[in-house]
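These notes concern the structure reproduced below.
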Amino acid sequence: MTKFVGAHVSTSGGVQNAPLNAMKIGAKAFALFTKNQKRWDAKPFETKTLDAWFKNLEESCILPKHILPHDSYLINLGNPDEQKLIKSRLAFIDELERCDILGLDRLNFHPGSHLQKFSKKDPNLEDNIQSAELECLELISESINIALDRTKNVKAVIENTAGQGTNLGYKFEHLAYIIDKIEDKSRIGVCIDTCHMFVSGYDIRTKDAYDKTWNEFDKIVGREFLMGMHINDSKPPLGSKVDRHHSLGEGEIGWDAFKFLMNDERMDDIPLILETIDDTIWDKEIKALESLVH
């Protein structure tokens, strides 16, 4: 088996329950929050929690490289407000450290948002939004470099976004721009969300469209940086920039794209994580995806 499919499972009751919840749905990979994703603060892990985590993880036979933790939704590494940016950077460093304590080697995060704020107007750019995007990408890159410099072992894995609001990361060029600025390339990667990819304008529904999009990814970003995927269908249509996931085959993307994906060597040996809307059928969706492999 070269494809490792799972879902973003609950950590209700503690992170030690995540491997157990993954096993219940027949997952060979999983994602989790290592703390409450809607709070800034988090208590350090208790020894009994860590003991149970490592015991349950061993029992699950799921390797750390097939686990894709996600950071807090509150963090904005491109926040133009200095105090809020500092708060986000400290929280991001804490998230990286928590992953390291759990023996995990990657942390998935949304790059950041410029919030329609910018410091300078550049007449050589098409408009001030573009100027704000560039400033924000610079801040995001600086934030990642600071965090990686203060931590060890864990890779920072940027997730592409839907382009909703002022969120950056919806173009391959944004991801490439950030990666280019990162000093330690061995600790940076990308997670591609299929719904986000689709609603931001990258078609994957036919073999020609799929190949065109992924060849573009290889050329602009580089397949060596692909370290995880979120496997979701999309409620909104192509290019809508609206982030609403759907169950596989129920949305605008359809099953063909997922068949192409499950037979694409780019996606070998990385976590392929469902974030589809009905967690009661995740076990069925995992089996359905695995059945697509030739």
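Residue numbers (this note's numbering): 1159 to 1452. Where is the CB? At the ideal position from N, CA and C, for every residue including glycine.
- Counting C-beta pairs with one atom in each stretch, the region 1262 to 1273 and the region 1312 to 1324 have three or more that are closer than 8 Å, which means they touch.
- Under the DSSP definition of a beta bridge, K1161 lacks any partner.
- Around the beta-carbon of S1271, 16 or more other beta-carbon atoms lie within 10 Å, marking it buried.
- Secondary structure at C1219: coil, using DSSP grouped into helix, strand and coil.
- I1183 sits close to I1444, with the two beta carbons spaced by under 8 Å.
- Counting only runs of 3+ residues, the beta strand (DSSP E) found wholly inside the region 1383 to 1437 occupies 1384 to 1389 and 1429 to 1432, in chain order.
- Uninterrupted beta strand (DSSP E) stretches at least 3 residues long and entirely within the region 1230 to 1304 occur at 1264 to 1267, given in chain order.
- At the C-beta level, I1302 and L1254 stay beyond 8 Å of one another.
- Judged by beta-carbon spacing, V1312 lies within the 8 Å limit of L1262, meaning their Cβ atoms are closer than that value.
- Judged by DSSP in its simplified three-state form, E1317 adopts strand.
- Using a Cβ distance threshold of 8 Å, I1431 and I1389 count as a contacting pair.
- Here N1214 carries a helix assignment [DSSP, helix/strand/coil].
- Nearest C-alpha to G1386 among D1351, T1160, S1344 and P1177: D1351.
- In this structure, DSSP gives L1306 a helical state, which the three-state scheme calls helix.
- Residue range W1440 to E1448 is occupied by the alpha helix (DSSP H) that includes I1444.
- Nearest C-alpha to H1354 among K1365, W1198, S1392 and R1345: S1392.
- Separation of N1194 and T1438 (C-alpha to C-alpha, rounded to the nearest whole angstrom) is 22 Å.
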